[in-house]
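So the structure is just underneath, and the comments pick up after that.
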Amino acid sequence: MARTKEKESYRSRLRGVGLRHTMPRERILAYLDRKNVHPTAEELYQGLKRRGFSIGLSTIYLNLHVLREHGLIYEFKDPKGETRFDGWTEPHAHLADLETGKVVDVPLKDLGLDREAFLQEMAAKTGWDLKDFRLELRGTPPAKE
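Those letters in the sequence shown? Residues 896 to 1040, per this note's numbering, in order.
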């Protein structure tokens, strides 16, 4: 179970978007709120089950949908076409391995990108009122020696 400080953080995040706090939502957020964690709904279900939490698969799907609709998590397709979920809130890009489908998080600051400056620059170039962006780089990692 999440520690007290983390619990309050999840409660605040849920309340901040007008959602009621529930244990399934808290546990889903806690599971997804880590770097390099991008499960499918089924993988999330199995992962929570391994941790001793009994949450039905339909409840997982329902809450993933609600959390995504309220901007607390991000849904994307991996290189193999599977729907995956991301709850890590630090601005980051994805490195997607075209061979394995594995997705790795890279903080934007590690790429030399400032989120706000990039949005402003692109808005100035396009004339669009930009709110956000997602960056996914696809390829294959270097061969291991």
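A virtual CB, placed ideally from N, CA and C, is assigned to each residue, including glycine. Note that the structure is predicted; figures quoted are calculated from it, not measured.
Q: Report yes or no: do the segment 971-980 and the segment 996-1010 share at least 3 C-beta pairs separated by less than 8 Å?
A: With the cut-off at 8 Å, the segment 971-980 and the segment 996-1010 touch.
Q) Who pairs with residue 972 in a beta bridge, going by DSSP? A) Residue pairing by DSSP places residue 972 opposite 978 in a beta bridge.
Q) residue 1005 and residue 989: beta carbons closer than 8 Å? A) Residue 989 is positioned such that its CB atom lies no closer than 8 Å to that of residue 1005.
Q: Decide yes or no for the touch test of the segment 923-930 against the segment 979-986: beta carbon pairs closer than 8 Å, at least 3 of them.
A: In short, these stretches touch, since the Cβ pair count reaches three.
**Q.** Helix, strand or coil at residue 1009 [DSSP, three-state]
**A.** Coil, per DSSP.
Q: Compare the C-alpha of residue 1002 against each of 943, 987, 1012 and 992 and name the closest.
A: Minimum Cα-Cα distance from residue 1002 among the listed residues 943, 987, 1012 and 992 corresponds to 987.
Q: Could you say which of 992, 957, 1011 and 1032 lies nearest to residue 1038 if we only look at CA atoms?
A: Ranked by Cα distance from residue 1038, the first of 992, 957, 1011 and 1032 is 992.
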